[in-house]
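Asks: Protein chains in written order, with the working numbering: chain A, 22 to 365; chain B, 51 to 372; chain C, 543 to 681.
We put the CB at the ideal spot given by N, CA and C, even for glycine.
Everything numeric in this text was worked out from a predicted model, so none of it was measured.
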Amino acid sequence: MIRIEKERIDEFIRALMETWSVYAPARDGKNTLFAPVEDPAGIDHGIFNTDKSPKEIFFPHSEVLFEFEGGEIKKVERDARPIAVWGLRGCDARSLRLLDKVFGSAWQKPDNDMFEDPYWKEKYDDSIIFGTACNEPRSTCFCNWFGAGPHDGAGMDVKVVDTGEAFILDPVSEKGKKYIGSLKGWAEATKKDVTKMKAAAKEADKAMGEVFGMDGIQEKMADLFLKPVWNDIGAKCVNCGACAFICSTCHCFDVQDEGKKGKKGKRIRIWDTCMFPIFTMEASGHNPRDMSKDRLRQRFMHKFSYFINNYDEHLCTGCGRCVIVCPVNLDIREVVREVMACEA
Amino acid sequence: MTVKELRETVKSLLTEGKVDLVIGWGKGTMPGTSTPVFIDTAEKADSLIFDSTCRNNLSVYFTKDRRALAKDDKKIGVLVKGCDSRSLVLNITEKQIDREKVTIIGVPCNGVVDMKKVVGKVDGKEILEFTDDSKKVTVKGREFELTFPLDEVISDSCLTCVRRDAVEYDLFIGEAREPGSDENAYAEVEEFEKLDSEERWERMKQEYSACIRCYACRNVCPSCYCNVCFVDQNDPQWIGKSPEITDTMIFHIIRNLHVAGRCVECGACERACPMDIKLLLLNRKVAKEVRDRFGSITGTGLENKPAMADFKEDENQDFIMG
Amino acid sequence: MSEWQPKILAVLCNWCSYAGADLAGVSRMQYPPNIRVVRVPCSGRVDPLFILKGLQSGYDGVLVSGCHPGDCHYISGNYVARRRFAVLKPLLEFVGIEPDRVQFSWISAGEGERFAEVVSKVTEDIKKIGPAKRLVKGA
Numbered sequence: 022m023i024r025i026e027k028e029r030i031d032e033f034i035r036a037l038m039e040t041w042s043v044y045a046p047a048r049d050g051k052n053t054l055f056a057p058v059e060d061p062a063g064i065d066h067g068i069f070n071t072d073k074s075p076k077e078i079f080f081p082h083s084e085v086l087f088e089f090e091g092g093e094i095k096k097v098e099r100d101a102r103p104i105a106v107w108g109l110r111g112c113d114a115r116s117l118r119l120l121d122k123v124f125g126s127a128w129q130k131p132d133n134d135m136f137e138d139p140y141w142k143e144k145y146d147d148s149i150i151f152g153t154a155c156n157e158p159r160s161t162c163f164c165n166w167f168g169a170g171p172h173d174g175a176g177m178d179v180k181v182v183d184t185g186e187a188f189i190l191d192p193v194s195e196k197g198k199k200y201i202g203s204l205k206g207w208a209e210a211t212k213k214d215v216t217k218m219k220a221a222a223k224e225a226d227k228a229m230g231e232v233f234g235m236d237g238i239q240e241k242m243a244d245l246f247l248k249p250v251w252n253d254i255g256a257k258c259v260n261c262g263a264c265a266f267i268c269s270t271c272h273c274f275d276v277q278d279e280g281k282k283g284k285k286g287k288r289i290r291i292w293d294t295c296m297f298p299i300f301t302m303e304a305s306g307h308n309p310r311d312m313s314k315d316r317l318r319q320r321f322m323h324k325f326s327y328f329i330n331n332y333d334e335h336l337c338t339g340c341g342r343c344v345i346v347c348p349v350n351l352d353i354r355e356v357v358r359e360v361m362a363c364e365a
Numbered sequence: 051m052t053v054k055e056l057r058e059t060v061k062s063l064l065t066e067g068k069v070d071l072v073i074g075w076g077k078g079t080m081p082g083t084s085t086p087v088f089i090d091t092a093e094k095a096d097s098l099i100f101d102s103t104c105r106n107n108l109s110v111y112f113t114k115d116r117r118a119l120a121k122d123d124k125k126i127g128v129l130v131k132g133c134d135s136r137s138l139v140l141n142i143t144e145k146q147i148d149r150e151k152v153t154i155i156g157v158p159c160n161g162v163v164d165m166k167k168v169v170g171k172v173d174g175k176e177i178l179e180f181t182d183d184s185k186k187v188t189v190k191g192r193e194f195e196l197t198f199p200l201d202e203v204i205s206d207s208c209l210t211c212v213r214r215d216a217v218e219y220d221l222f223i224g225e226a227r228e229p230g231s232d233e234n235a236y237a238e239v240e241e242f243e244k245l246d247s248e249e250r251w252e253r254m255k256q257e258y259s260a261c262i263r264c265y266a267c268r269n270v271c272p273s274c275y276c277n278v279c280f281v282d283q284n285d286p287q288w289i290g291k292s293p294e295i296t297d298t299m300i301f302h303i304i305r306n307l308h309v310a311g312r313c314v315e316c317g318a319c320e321r322a323c324p325m326d327i328k329l330l331l332l333n334r335k336v337a338k339e340v341r342d343r344f345g346s347i348t349g350t351g352l353e354n355k356p357a358m359a360d361f362k363e364d365e366n367q368d369f370i371m372g
Numbered sequence: 543m544s545e546w547q548p549k550i551l552a553v554l555c556n557w558c559s560y561a562g563a564d565l566a567g568v569s570r571m572q573y574p575p576n577i578r579v580v581r582v583p584c585s586g587r588v589d590p591l592f593i594l595k596g597l598q599s600g601y602d603g604v605l606v607s608g609c610h611p612g613d614c615h616y617i618s619g620n621y622v623a624r625r626r627f628a629v630l631k632p633l634l635e636f637v638g639i640e641p642d643r644v645q646f647s648w649i650s651a652g653e654g655e656r657f658a659e660v661v662s663k664v665t666e667d668i669k670k671i672g673p674a675k676r677l678v679k680g681a
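(1) For the beta strand (DSSP E) containing residue 555 of chain C, list its first residue and its last residue.
(2) Is it true that the CB of residue 128 of chain B sits closer than 9 Å to the CB of residue 155 of chain B?
(3) For the beta strand (DSSP E) that residue 320 of chain A lies in, which residues bound it at each end?
(4) Alpha carbon to alpha carbon, how far is residue 261 of chain A from residue 266 of chain B? Give it in angstroms, no decimals.
(5) Assuming residue 637 of chain C and residue 299 of chain B are in contact, meaning their beta carbons sit under 8 Å apart, how far apart are those beta carbons, in whole angstroms?
(6) Examine chain A for any beta-carbon lying closer than 9 Å to the beta-carbon of residue 256 of chain B, and answer yes or no.
(7) Between the Cα of residue 632 of chain C and the Cα atoms of C/677, C/645, C/668, C/622, which residue gives the shortest distance?
(8) Under a three-way DSSP split, which group does residue 679 of chain C fall into?
(9) Which complete alpha helix (DSSP H) runs does the stretch 209-257 of chain B hold, if anything under 4 residues is left out?
(10) How far does the beta strand (DSSP E) with residue 44 of chain A in it extend, from its first residue to its last?
(11) Identify each residue in the stretch 274-297 of chain B for which the Cβ-Cβ distance to at least one residue of chain C is less than 9 Å, and report them in chain order.
(12) Over what stretch of residues does the beta strand (DSSP E) that includes residue 281 of chain A continue unbroken?
(13) Where does residue 284 of chain B land, buried or exposed, given buried means 16+ other C-beta within 10 angstroms?
(14) Taking residue 188 of chain B as the query, report the chain A residues whose CB atoms sit under 9 Å from its CB, ordered along the chain.
(15) Please give the ranges of any beta strand (DSSP E) in the stretch 152-206 of chain A, keeping only runs that are unbroken, at least 3 residues long and fully inside the region.
(16) With distance defined between alpha-carbon atoms, name the residue in C/657, C/660, C/664 nearest to residue 492 of chain C.
(17) So residue 189 of chain B is in the beta strand (DSSP E); what residue range does that whole segment cover?
(18) Residues of chain B with CB closer than 8 Å to the CB of residue 319 of chain A, please, in chain order.
(19) So residue 565 of chain C packs on residue 623 of chain C, CB below 8 Å; how close in whole Å?
(20) For residue 141 of chain A, which three-state DSSP category applies?
(21) Can you list the beta strand (DSSP E) stretches of 3 or more residues lying completely in the stretch 74-139 of chain B, in chain order?
(22) Contact check, residue 317 of chain B vs residue 358 of chain B under 8 Å by CB: the rounded distance?
(23) Answer yes if the stretch 342-358 of chain B comes into contact with the stretch 610-630 of chain C, meaning at least three C-beta pairs across the two stretches below 8 Å, and no otherwise.
(24) If we define contact as Cβ-Cβ less than 9 Å, is residue 371 of chain B a contact residue for chain C?
(25) Short of 7 Å Cβ to Cβ, which residues in the stretch 159-170 of chain B face chain A?
(26) Under 8 Å by Cβ, that's how I've got residue 110 of chain B and residue 97 of chain B pegged, so tell me the actual separation to the nearest angstrom.
(27) Given a cut-off of 9 Å on the beta-carbon distance, is the pair residue 165 of chain A and residue 229 of chain A in contact?
(28) To the nearest angstrom, report how far apart residue 97 of chain A and residue 141 of chain A are at their CA atoms.
(29) Give the secondary structure of residue 329 of chain B by DSSP, where H, G and I count as helix, E and B as strand, and everything else as coil.
(30) Could you name the residues of the same chain whose beta carbon sits closer than 6 Å to that of residue 85 of chain B, not counting the 5 residues immediately before and after it, in chain order?
(31) Enumerate, from N- to C-terminal direction, the unbroken beta strand (DSSP E) stretches of 3 or more residues contained entirely within the stretch 616-678 of chain C.
(32) May I ask you to report which of helix, strand or coil DSSP gives residue 147 of chain A?
(33) Please determine, among A/188, A/115, A/354, the residue with the shortest C-alpha to C-alpha distance to residue 176 of chain A.
(34) Does the separation of the CB atoms of residue 271 of chain A and residue 190 of chain A fall below 9 Å?
(35) Would you tell me roughly how many angstroms separate the C-alpha atoms of residue 221 of chain A and residue 71 of chain A, rounded to the nearest one?
(36) Just to confirm my understanding: we take residue 611 of chain C, look at its own chain, exclude 5 residues before and 5 after, and list those with CB closer than 8 Å. What are they?
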């Protein structure tokens with residue numbers, strides 16, 4: 022564990038920037054997001070949880086897969102340096118781990134041959150994640166529903182705790198240990214720091230709302246699939262994609278070609294969402310999820326049923342972004358409560 | 051109007067069988083929020099509220115795939131602010147809603163709160179408690195409590211609103227006020243018009259580059275009800291789906307033209323935007339043109355034809371090459 | 543080096559403006575070769591999306607032309623179109639598209655000379671403001 026006094030944080034980030042392409046929370050106009058760092062002074066260490074989720078660092082809203090001209094296919098060159106993310110909260114760090122199960126090799130086992138997405142892997146595999154422990158969780162946070170907590174280090178390589186006067190860097194993974202071990206010129210964290218860290222963790226835990234038990238939700242969801250409860254839950258949903266696009270775990274996408282047909286252009290991968298009717302529109306014109314409530318149900322089925330079947334975890338980490346942006350205040354926590362309260 | 055009056059009115063409508071369902075607002079899950087509720091029994095009516103957090107335009111629930119709501123035999127009641135009632139009127143004149151089947155219940159609006167403005171008042175700190183009356187708002191958080199006039203935090207669309215109470219209703223809870231004058235309604239538009247062309251483009255680009263193409267603006271809009279929106283058409287696919295600036299701008303410009311003479315400037319789009327884009331500026335520019343050129347103000351009368359479906363033979367055509 | 547030549551999209555109604563262009567042609571009138579003509583049944587058929595799509599895909603300007611008011615083959619198509627353009631043009635200018643980039647005119651089947659004049663004028667105007675940059679994809 023090393024200790025970085027707050028006034029020296031820019032120095033630390035600058036050193037990091039020599040070998041890594043660093044992303045950190047920043048303000049862009051009216052919103053906050055993870056942006057490539059050009060000047061460490063531009064990092065906003067006080068941002069609680071960015072408005073836009075950090076999934077876009079590794080899974081951009083629109084990503085050029087390749088360019089083509091005539092019969093030639095050209096790979097798109099990207100920054101060759103590995104990515105370092107600074108200031109990621111625990112919920113987001115775990116989100117990236119979930120996405121790695123889908124796109125990367127986290128779910129690769131000897132008996133299954135999972136497809137690994139090269140575009141994800143080239144960015145995520147070599148990356149290092151500096152996570153920030155939350156000292157002041159918000160009322161919309163519910164990471165504790167998923168067995169995590171504001172000071173949880175899962176999904177991070179190095180956990181960073183703000184003790185007021187300093188950042189304490191606590192390595193979590195092997196990669197993190199190796200990196201922290203390689204650093205020179207930083208003091209070890211003192212006993213006093215450790216006491217402060219523990220106190221902060223305790224305070225933060227206290228600030229969290231009550232845990233809601235979600236045992237058995239995946240079977241429950243499956244049983245309720247055809248039940249009218251979805252009419253009630255889905256009644257107010259207006260079917261926009263705000264929740265899915267700011268979600269740190271939603272990862273559906275569409276692939277399109279842009280440019281002159283067959284001549285010159287690029288193939289891009291763009292975020293898509295089950296909330297849009299065109300997501301499931303078939304060539305015949307038939308849409309299996311024709312009604313707004315069908316599409317809403319799909320989003321929650323994916324999060325709390327299908328994903329558990331496939332990857333053994335909920336596809337939600339309790340970051341609370343969708344709770345904040347939903348234009349009709351359709352609160353994911355209420356949906357879970359309603360589902361759990363419903364007799365199958 | 052008191053909340054009690056509101057609930058009692060809805061209860062009696064339901065028990066007397068005058069309506070089968072009432073769409074209204076209930077308390078939301080975060081401070082300063084409300085959420086649309088669907089009341090079909092008298093007991094449920096106790097969850098109804100009306101205050102400055104009731105920012106959704108509930109007329110949207112008569113459109114899109116809920117169009118059937120107002121077409122089948124159910125009698126629907128709906129709570130409306132001034133702007134919401136204009137949306138209903140528009141939908142009625144466009145034959146989307148049968149006037150006979152909807153019971154319009156007006157409630158007196160003093161403007162709805164824009165939570166982004168409230169959060170700005172407390173330097174971005176988290177708000178844990180929110181209370182309001184028709185004049186002021188009080189917020190509490192960790193280690194602060196602040197009270198300020200409601201007018202300082204209402205949505206931009208409410209600041210210039212001159213029709214706060216329903217223009218068309220079956221019953222009104224309280225006393226409906228007469229509309230004011232909209233002489234100075236478009237000062238913000240006029241300010242923007244004064245900038246030079248390049249500056250305007252740069253500002254637009256800056257503003258709209260934040261768009262994530264979630265279509266929340268379109269989906270909360272009661273005037274946007276095409277069966278298949280042009281952005282969802284893929285044969286031909288009119289515009290790209292990525293958040294590239296020209297595609298994004300074209301989406302917003304065309305959406306504005308599609309609601310030209312149909313937009314009631316309720317501001318629901320702007321409040322729904324997760325990226326806080328000032329969407330209404332374009333709508334208001336269009337509304338100003340529609341008012342000045344065609345003398346039409348959307349949704350103010352059941353007998354009015356929507357401006358873009360109408361014409362006069364001898365109209366101003368100063369924009370046509372001489 | 544030769545002078546820069548704009549590419550202009552001309553959307554013409556079948557009954558008047560297109561016939562006007564035809565007349566200009568058979569009368570051997572000279573006008574700039576910068577326009578690419580798209581024939582539509584009526585100016586009322588012109589969706590603003592066509593115009594924006596034209597600009598986005600690299601046209602430096604757009605000219606839309608229909609029958610004079612009162613002469614529409616479909617009685618009122620051009621009246622409806624006129625309202626649409628009356629809102630579209632100020633809106634495009636509002637977002638920062640140069641005023642002369644998109645223009646509208648009425649040209650009858652008998653006005654071959656006028657057609658040549660309009661095309662010359664539009665081409666001159668667009669040459670003056672230069673190549674389109676705003677709203678052009680990939681610019």
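Replies: This is what the structure holds:
(1) 550-555
(2) yes
(3) Counting along the chain, residue 320 of chain A falls outside any beta strand (DSSP E), though it belongs to the alpha helix (DSSP H) covering 313-322.
(4) 5 Å
(5) 7 Å
(6) yes
(7) C/645
(8) coil
(9) 237-244
(10) 42-49
(11) 280, 288, 289, 290, 294, 295, 296, 297
(12) 274-281
(13) exposed
(14) Correct list: empty, because the minimum Cβ distance to chain A is about 17 Å.
(15) 179-183, 187-192
(16) With chain C covering 543 to 681 only, the question about residue 492 of chain C has no answer from this structure.
(17) 186-191
(18) Ordered by position in chain B, no residue passes the 8 Å Cβ test against residue 319 of chain A, which lies about 15 Å from the chain.
(19) That belief does not hold up - the Cβ atoms of residue 565 of chain C and residue 623 of chain C are roughly 22 Å apart, past 8 Å.
(20) helix
(21) 84-89, 126-130
(22) 21 Å between Cβ atoms; not a contact.
(23) yes
(24) yes
(25) none
(26) Actually they are not in contact, since the Cβ atoms of residue 110 of chain B and residue 97 of chain B sit about 20 Å apart, beyond 8 Å.
(27) yes
(28) 14 Å
(29) coil
(30) 76, 78
(31) 644-648
(32) coil
(33) A/115
(34) no
(35) 21 Å
(36) 620, 621, 624, 648
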